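Note that the sequence shown covers residues 3 to 129 in my numbering.
Following: one structure in structure tokens, then a few remarks.
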Amino acid sequence: NFVTDARKPLCKPQIVLMDGNDNVLLYAASWWDRSRYEQVMGGKQNVVVWEKILTSKLEIARRIEKFHFGYNDELEDLFGRRGPFWGREYCFKIGKVPMARFYEVFSPVLDKQLGEMTVPTDLGGEP
């Protein structure tokens with residue numbers, strides 16, 4: 003479990019990525035133990051988390067834990083579009099110690115650039 007001690011202070015950076023036409027393409031949030039965030043980010047507030055992680059030279063493992071597909075009124079307001087939306091959750095670990103949990107949701111606008119997404123009918127499980 004990522005949050006093992008509710009008394010630890012958490013920080014939650016959030017970003018919205020937009021294209022040149024002001025379309026929101028992605029919403030992302032991450033949850034960090036504040037001390038780990040300060041260690042990795044080095045006290046820099048205006049640095050993209052991914053950029054800092056890539057240049058940190060830490061040996062980090064990522065494990066995707068959940069995929070999401072569905073509708074949400076708040077996301078429709080944010081993206082200015084009707085769903086469905088695709089999303090994913092994953093955890094970064096340094097060794098076996100959780101570093102941060104990430105949540106990303108992708109805009110339906112990306113369907114135009116990447117091709118329409120469909121829900122697979124067979125996810126490889128038992129019938």
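Here a beta-carbon is modelled for each residue, glycine too, at the ideal position from N, C-alpha and C.
Predicted model only: the values in this text are computed from it and were never measured.
Distance CB(residue i)-CB(residue j) smaller than 9 angstroms
i    : j    : result
R103 : W52  : no
I62  : I96  : yes
L28  : E106 : yes
A31  : L19  : no
D35  : L12  : yes
Q42  : M101 : It should be pointed out that residue 42 corresponds to Val in this sequence rather than to Gln. Result yes, Cβ atoms of V42 and M101 sit closer than 9 angstroms.
DSSP three-state assignment for residue i, whether helix, strand or coil
i   : result
K98 : coil
Inter-residue CB distance, residue i and residue j (contact presumed, cutoff 8 angstroms)
i    : j   : result
G82  : H70 : That belief does not hold up - the Cβ atoms of G82 and H70 are roughly 19 angstroms apart, past 8 angstroms.
P110 : F87 : 7 angstroms
G85  : E91 : No, G85 and E91 are not in contact; Cβ-Cβ is about 17 angstroms, not under 8 angstroms.
What are the start and end residues of each continuous alpha helix (DSSP H) run of 4 or more residues lying completely inside the segment 7–93, in chain order? The segment 7–93 contains these whole alpha helix (DSSP H) runs: 36–43, 51–57 and 75–81.
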